[in-house]
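Student:
2 protein chains.
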Amino acid sequence: MSAYHPLDVTEAIAIARGLDGVFQPDAQLTCREIGDGNLNLVFHIADPAAGRSIILKQALPYAKVVGESWPLTLDRARIESEALRLEGKLAPGLVPAVYFYDQELALTGMEDLSDHIIMRQGLMNGSRYPLFAGHISTFLAQTLFFTSDLGHNQQEKKLLSRSFTNPELCKITEDLIFDDPYRDAESNSFEETIRDEALALWSDGELHLEVAILREKFLTHAQALLHGDLHTGSIFITPESTKVIDPEFAYFGPMGFDIGAVLGNLLLNYASREGRDGSDAEREDYRAYLLDTVTDVWAQFEAKFLALWNEHGVDRLANAAPGYKEHYMQRVLQDTIGFAGCKMVRRIVGLAHVADIDKLADAAARERAQRLALRIGKSLIKLNRGAVSINQLVDTVLAASAAVKA
Amino acid sequence: MSAYHPLDVTEAIAIARGLDGVFQPDAQLTCREIGDGNLNLVFHIADPAAGRSIILKQALPYAKVVGESWPLTLDRARIESEALRLEGKLAPGLVPAVYFYDQELALTGMEDLSDHIIMRQGLMNGSRYPLFAGHISTFLAQTLFFTSDLGHNQQEKKLLSRSFTNPELCKITEDLIFDDPYRDAESNSFEETIRDEALALWSDGELHLEVAILREKFLTHAQALLHGDLHTGSIFITPESTKVIDPEFAYFGPMGFDIGAVLGNLLLNYASREGRDGSDAEREDYRAYLLDTVTDVWAQFEAKFLALWNEHGVDRLANAAPGYKEHYMQRVLQDTIGFAGCKMVRRIVGLAHVADIDKLADAAARERAQRLALRIGKSLIKLNRGAVSINQLVDTVLAASAAVKA
Numbered sequence: 001m002s003a004y005h006p007l008d009v010t011e012a013i014a015i016a017r018g019l020d021g022v023f024q025p026d027a028q029l030t031c032r033e034i035g036d037g038n039l040n041l042v043f044h045i046a047d048p049a050a051g052r053s054i055i056l057k058q059a060l061p062y063a064k065v066v067g068e069s070w071p072l073t074l075d076r077a078r079i080e081s082e083a084l085r086l087e088g089k090l091a092p093g094l095v096p097a098v099y100f101y102d103q104e105l106a107l108t109g110m111e112d113l114s115d116h117i118i119m120r121q122g123l124m125n126g127s128r129y130p131l132f133a134g135h136i137s138t139f140l141a142q143t144l145f146f147t148s149d150l151g152h153n154q155q156e157k158k159l160l161s162r163s164f165t166n167p168e169l170c171k172i173t174e175d176l177i178f179d180d181p182y183r184d185a186e187s188n189s190f191e192e193t194i195r196d197e198a199l200a201l202w203s204d205g206e207l208h209l210e211v212a213i214l215r216e217k218f219l220t221h222a223q224a225l226l227h228g229d230l231h232t233g234s235i236f237i238t239p240e241s242t243k244v245i246d247p248e249f250a251y252f253g254p255m256g257f258d259i260g261a262v263l264g265n266l267l268l269n270y271a272s273r274e275g276r277d278g279s280d281a282e283r284e285d286y287r288a289y290l291l292d293t294v295t296d297v298w299a300q301f302e303a304k305f306l307a308l309w310n311e312h313g314v315d316r317l318a319n320a321a322p323g324y325k326e327h328y329m330q331r332v333l334q335d336t337i338g339f340a341g342c343k344m345v346r347r348i349v350g351l352a353h354v355a356d357i358d359k360l361a362d363a364a365a366r367e368r369a370q371r372l373a374l375r376i377g378k379s380l381i382k383l384n385r386g387a388v389s390i391n392q393l394v395d396t397v398l399a400a401s402a403a404v405k406a
Numbered sequence: 001m002s003a004y005h006p007l008d009v010t011e012a013i014a015i016a017r018g019l020d021g022v023f024q025p026d027a028q029l030t031c032r033e034i035g036d037g038n039l040n041l042v043f044h045i046a047d048p049a050a051g052r053s054i055i056l057k058q059a060l061p062y063a064k065v066v067g068e069s070w071p072l073t074l075d076r077a078r079i080e081s082e083a084l085r086l087e088g089k090l091a092p093g094l095v096p097a098v099y100f101y102d103q104e105l106a107l108t109g110m111e112d113l114s115d116h117i118i119m120r121q122g123l124m125n126g127s128r129y130p131l132f133a134g135h136i137s138t139f140l141a142q143t144l145f146f147t148s149d150l151g152h153n154q155q156e157k158k159l160l161s162r163s164f165t166n167p168e169l170c171k172i173t174e175d176l177i178f179d180d181p182y183r184d185a186e187s188n189s190f191e192e193t194i195r196d197e198a199l200a201l202w203s204d205g206e207l208h209l210e211v212a213i214l215r216e217k218f219l220t221h222a223q224a225l226l227h228g229d230l231h232t233g234s235i236f237i238t239p240e241s242t243k244v245i246d247p248e249f250a251y252f253g254p255m256g257f258d259i260g261a262v263l264g265n266l267l268l269n270y271a272s273r274e275g276r277d278g279s280d281a282e283r284e285d286y287r288a289y290l291l292d293t294v295t296d297v298w299a300q301f302e303a304k305f306l307a308l309w310n311e312h313g314v315d316r317l318a319n320a321a322p323g324y325k326e327h328y329m330q331r332v333l334q335d336t337i338g339f340a341g342c343k344m345v346r347r348i349v350g351l352a353h354v355a356d357i358d359k360l361a362d363a364a365a366r367e368r369a370q371r372l373a374l375r376i377g378k379s380l381i382k383l384n385r386g387a388v389s390i391n392q393l394v395d396t397v398l399a400a401s402a403a404v405k406a
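Taken in order, these protein sequences are the chains called A and B.
Counting from 1, one number per residue, gives the positions in the first sequence under full-length UniProt numbering.
Counting from 1, one number per residue, gives the positions in the second sequence under full-length UniProt numbering.
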């Protein structure tokens, strides 16, 4: 194929038509560019008559977030396609199928998931996904266990880690999640109504110590191949199906960062219920659903991970040492809780927010939701190294909710 | 140059003669192969008349340890030469100068250090090196700080870490230090007189838990570029000069592994004093010198590392978070103590021993030294996560000595 340039609709159709066994030669193809234009072009190409469709996703050589733009490596498209393929092998059915990857064009052809919706939107709609905890815990257990030193040949893991070296995307996380929210950074974005909260974040030494320790783990703890950006906007969902997308931040890091991203984003929606319409009873019922999902994701993850370890553990000493499994899982839980908190705080005062809260129309309700999210996030960060049970996370959330109400 | 093959003396001379500015064109060169033949060829090439000399070191495509032989990547020569160059920049004068590296031949030309002796031999001779603690603490502080996320651009560090991916050499450590001594492995080697000690190692669950946690750190904690094999046989020394050699095990791992290697090998010599000639007073005096060196290495390392951090720290949050530096240094100390213990245990029951102890002629004295080394090693491993001061290491050593005497 030709040298890198952003594709147009005509080129995208030509590429799709050239793929073996996807479309009939004489098919009438439609094409829409459906990306948000901030990082990638996303072409949806369909043959409506035959009911067939495909996604072509092309990386752009820059990133735009909330109006800012900076150059960004095209290599992230390779990392994304390789991560999707590996995740697809380890967690079949839980990521879109990858049909091809073109290095030159930074272009991936993949399964069209238009029958799914983005989970963040689903939660904002008040939908429930009773199969989600089962699906995402399988995804987490399978991808994290089998890329770790517990479940992967330890020499091959080092080579795999080398191929997922991802400095530019990691830097975004290191800055936006683990630094800027804790100082008066230009990149920060928050409403003036909660400036007191921002000031409190910038001067909270106890919090800074915990975030520094979590930041160090993100920088140095090459535990398993992470998705790296596993919020509810990276999950396509229906009541029956869960598909994890967009692993362009993939790299070898601490397992709790992925698990915490899922839990933290469920809790952001929990906090957003301060500003949702409906009766108190409806709100509390949905919140109970979200909290049940949080504990269920952890409990199922832990059980599945341990089952994999018992059956497929490759590290003799790790398998045999008395108490090691318990010690390991407790540290993953602690990391999960700490990272969940970091993921919440950055979404309120940092550069990139979440629609769950930003889209609340009522200013007072939005402010309550922001304050609740920060209270939960900070409490989880401070809890992390002392945690021994997921129930402590639940207690922390309930206590923060009660305190905000009072 | 030609494709890879082991060089002979004639070829080595020809290569040395071809180097710019090393020897005169008409020099009468002598050449001796002085390697031990287990991993590398080492050619010492000299012009005695001019008083000039050079070392050519060539990796062999296999490793031999105590009669066993297995294939081993030639890439370790690249890693060694790159590590030496980087260490030479960060810690000038503390490693041999590298003149060239030939990838094809896995051949490095470097400074001749024939006026130094191997430190292990120096300690066995009872020599004292009052400048050593200052030198090695500078080497450790400079190389570890400036390759860590505290002192190195965090994105470039990821790329540097990628280029020091070293699975084959790491596997040797993972097996021989962090697995085999704790099970009835074929590779183990110990005298029948201490079979009771081996059996105790294999069934000590508390010890296995600590070793499993240290093993995990070695596998996953990409904290800084390590030398990776920093025992007293990897150090050339005179009373005035210290040169760290042979970093072919270099990779990004936990700092405490390098520091612990130094301390553990000083303590192996300490244990060997059970079987050395001389009066009790002489023995205790030399032991006091070794223990003073141990505490001095740590204390100077800590002070120099913190001074570098205060002046050159690149991580805003790590620099600013109250209590983080203390927390960081305490964890490095804990790792140091744990890894020092692992380094001692493996030298008594594992595949590769140390001359300090193996060369003791008197069987009863040798056995006492072995039991003392194991007692110290196990105690340090069990102490590691609870340690808050280097004095606890000293107390542990003294208590073990007293217990063996009793």
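Just so it is clear, CB atoms sit at the ideal spot from N, CA and C, and this is done for glycine as well.
Can you give me the Cβ contacts of B/Ile15 inside the same chain, cut-off strictly under 7 angstroms, excluding the 5 residues immediately before and after it?
Tutor: Translated into positions along the second sequence, residue 15 of chain B becomes position 15. Leu56.
Student: Which partner residues does A/Asp47 have in the DSSP bridge list?
Tutor: Taking the first sequence and counting its residues from 1, the one referred to as residue 47 of chain A is at position 47. BP columns for A/Asp47 point to A/Arg52.
Student: State the CB to CB distance for the pair A/Asn384 and A/Gln334, rounded to an integer number of angstroms; the pair is presumed to be in contact (CB under 8 angstroms).
Tutor: Within the first sequence, residue 384 of chain A is the residue found at index 384, counting from 1. Within the first sequence, residue 334 of chain A is the residue found at index 334, counting from 1. Indeed, because the Cβ distance is near 5 angstroms, the residues count as touching under 8 angstroms.
Student: Hey, how far is the Cα of B/Ala404 from the Cα of B/Asp362?
Tutor: Position 404 of the second sequence, counted from the first residue, corresponds to residue 404 of chain B. Position 362 of the second sequence, counted from the first residue, corresponds to residue 362 of chain B. The residue you asked about is not Ala; residue 404 of chain B is Val in the sequence shown. So the two alpha carbons sit approximately 17 angstroms from each other.
Student: Does DSSP put B/Phe236 in a helix, a strand or coil?
Tutor: What you label residue 236 of chain B is simply residue 236 of the second sequence in a count that begins at 1. Strand at B/Phe236.
Student: Under 7 angstroms, CB to CB, which of the residues in the stretch 138-165 of chain B have a partner in chain A?
Tutor: Under the 7 angstroms Cβ criterion, the stretch 138-165 of chain B contributes Asp149, Gln154, Gln155, Lys158, Leu159, Arg162, Thr165.
Student: Cβ of B/Arg316 less than 8 angstroms from any chain A Cβ?
Tutor: Here residue 316 of chain B refers to the residue found at position 316 when the second sequence is read from its first residue. Yes, its Cβ sits closer than 8 angstroms to a Cβ of chain A.
Student: So which residues on chain A does B/Ile213 lean against when the C-beta distance must stay under 9 angstroms?
Tutor: In the second sequence, residue 213 of chain B corresponds to position 213, counting from 1. Here the neighbours are Ala321, Tyr324, His327, Tyr328.
Student: Any C-beta of chain B sitting closer than 8 angstroms to the C-beta of A/His208?
Tutor: Indexing the first sequence from 1 puts residue 208 of chain A at position 208. At least one chain B Cβ lies under 8 angstroms of A/His208.
Student: Of the residues A/Ile54, A/Phe43, A/Gln223, A/His135, which one's Cα is nearest the Cα of A/Gly112?
Tutor: Position 112 of the first sequence, counting from 1, holds the residue named residue 112 of chain A. At residue 112 of chain A the sequence reads Asp, which differs from the Gly that was named. With distances taken between Cα atoms, A/Asp112 lies closest to A/Ile54.
Student: Can you tell me which of the three DSSP states B/Gly205 falls into?
Tutor: What you label residue 205 of chain B is simply residue 205 of the second sequence in a count that begins at 1. B/Gly205 falls in the helix class under three-state DSSP.
Student: Taking B/Ala224 as part of the beta strand (DSSP E), name the residues at either end of that continuous run.
Tutor: Indexing the second sequence from 1 puts residue 224 of chain B at position 224. 224-226 is the extent of the beta strand (DSSP E) around B/Ala224.
Student: Return the first residue and the last residue of the beta strand (DSSP E) that B/Gly253 is part of.
Tutor: Start at 1 with the first residue of the second sequence, and residue 253 of chain B comes out as number 253. It spans 251-253 - the beta strand (DSSP E) in which B/Gly253 sits, taken as one unbroken run.
Student: Which residues, in order along the stretch 358-383 of chain A, keep a beta-carbon less than 9 angstroms from a beta-carbon of chain B?
Tutor: From the stretch 358-383 of chain A, no residue has a Cβ closer than 9 angstroms to chain B.
Student: Out of A/Asn319, A/Phe301, A/Ala250, which has the shortest C-alpha to C-alpha gap to A/Leu160?
Tutor: Along the first sequence, read from residue 1 onward, the residue named residue 160 of chain A stands at position 160. Selected option, being the one with the closest Cα: A/Ala250.
Student: Taking CB distances under 8 angstroms as the criterion, tell me whether A/Gln334 reaches chain B.
Tutor: Numbered from 1 along the first sequence, position 334 holds the residue referred to as residue 334 of chain A. It does not: the Cβ of A/Gln334 has no partner Cβ on chain B nearer than 8 angstroms.
Student: May I ask you to list, following chain order, the residues of the stretch 52-84 of chain B that have a beta carbon less than 8 angstroms from some beta carbon of chain A?
Tutor: Residues passing the 8 angstroms Cβ filter: none.
Student: Using the rule of at least 16 other Cβ atoms within 10 Å of the residue's Cβ for burial, across every protein chain shown, is A/Ile45 buried or exposed?
Tutor: Your numbering for residue 45 of chain A matches position 45 in the first sequence. Its Cβ being crowded by 16 or more others within 10 Å, A/Ile45 is buried.
Student: Going along the stretch 177-200 of chain A in order, which residues come within less than 9 angstroms of chain B, judged by CB to CB distance?
Tutor: If the cut-off is 9 angstroms between Cβ atoms, the stretch 177-200 of chain A has Phe178, Asp179, Tyr182, Arg183 near chain B.
Student: Using a Cβ-Cβ distance under 8 angstroms, would B/Lys171 count as near chain A?
Tutor: Against the second sequence, residue 171 of chain B aligns to sequence position 171. Cβ-Cβ to chain A under 8 angstroms: yes for B/Lys171.
Student: For A/Thr220, would you say it is in contact with chain B, using Cβ-to-Cβ distances shorter than 8 angstroms as the test?
Tutor: Position 220 of the first sequence, counted from the start, is the residue given in the question as residue 220 of chain A. Interface residue, yes.
Student: Between which two residues does the beta strand (DSSP E) containing B/Phe100 stretch?
Tutor: Here residue 100 of chain B corresponds to residue number 100 of the second sequence, with the count starting at 1. Counting along the chain, the beta strand (DSSP E) containing B/Phe100 begins and ends at 98-102.
Student: Check whether the stretch 357-377 of chain B and the stretch 313-324 of chain B are in contact - that is, three or more C-beta pairs closer than 8 angstroms.
Tutor: Contact fails: fewer than three Cβ-Cβ distances are below 8 angstroms.
Student: Which residues in chain B have a C-beta closer than 9 angstroms to the C-beta of A/Pro92? List them in chain order.
Tutor: Mapped onto the first sequence, residue 92 of chain A falls at position 92. Going along chain B, no residue has its Cβ under 9 angstroms from A/Pro92, so there is no contact; the nearest lies around 27 angstroms.
Student: According to DSSP, is B/Arg32 part of a helix, a strand, or is it coil?
Tutor: As a working mapping, residue 32 of chain B is identified with position 32 in the second sequence. The answer is strand: DSSP assigns B/Arg32 an E or B state.
Student: Measure from the C-beta of B/Gln392 to each C-beta in chain A and report whether the shortest distance is under 8 angstroms.
Tutor: Looking up residue 392 of chain B in the second sequence gives position 392. Not closer than 8 angstroms to any Cβ of chain A, the Cβ of B/Gln392 fails to qualify, so no.
Student: In chain order, which continuous runs of the alpha helix (DSSP H) of length 4 or greater are located wholly inside the stretch 297-343 of chain B?
Tutor: The stretch 297-343 of chain B contains these whole alpha helix (DSSP H) runs: 316-320.
Student: For B/Ala141, which option in B/Gly256, B/Ile348, B/Asp47 has the closest C-alpha, if you only look at C-alpha atoms?
Tutor: Along the second sequence, one-based indexing puts residue 141 of chain B at 141. It is B/Gly256.
Student: Report back the beta-carbon spacing between A/Gln28 and A/Asp47 to the nearest angstrom; my notes put them in contact at under 8 angstroms.
Tutor: Taking the first residue of the first sequence as 1, we reach residue 28 of chain A at position 28. Taking the first residue of the first sequence as 1, we reach residue 47 of chain A at position 47. About 7 angstroms; that satisfies the 8 angstroms criterion.
Student: Along the chain, which unbroken stretches of the beta strand (DSSP E) at least 3 residues long are found entirely within the stretch 60-146 of chain A?
Tutor: Listed in chain order, the complete beta strand (DSSP E) runs (minimum 3 residues) inside the stretch 60-146 of chain A are 62-65, 68-71, 98-102, 107-110.
Student: Distance cutoff 8 angstroms, beta carbons only. Does B/Pro6 sit that close to anything in chain A?
Tutor: As a working note, residue 6 of chain B is residue 6 in the second sequence. Not one chain A Cβ lies under 8 angstroms of B/Pro6.
Student: Establish whether the CB of B/Glu248 and some CB of chain A are separated by less than 8 angstroms.
Tutor: Translated into the one-based positions of the second sequence, residue 248 of chain B becomes position 248. No, its Cβ sits nowhere closer than 8 angstroms to a Cβ of chain A.
Student: Buried or exposed: A/Trp309, going by 16 or more other Cβ atoms within 10 Å of its Cβ?
Tutor: In the first sequence, residue 309 of chain A corresponds to position 309, counting from 1. With 16 or more other Cβ atoms within 10 Å, it is buried.
Student: Relative to chain B, which residues along the stretch 250-269 of chain A have a C-beta separation below 7 angstroms, given in chain order?
Tutor: For the stretch 250-269 of chain A, which is checked against every Cβ of chain B, not one residue is closer than 7 angstroms.
Student: Between A/Leu169, A/Ser272, A/Ser187, which lies nearest to B/Gln154 when the distance is taken from Cα to Cα?
Tutor: For the purposes of this step, residue 154 of chain B is taken as the residue at position 154 of the second sequence. B/Gln154 has its Cα closest to that of A/Leu169, out of A/Leu169, A/Ser272, A/Ser187.
Student: Cβ closer than 8 angstroms: which chain A residues qualify as neighbours of B/Gly205?
Tutor: To locate residue 205 of chain B, count along the second sequence from 1; it is residue 205. What B/Gly205 touches in chain A: Ala321, Pro322, Gly323.
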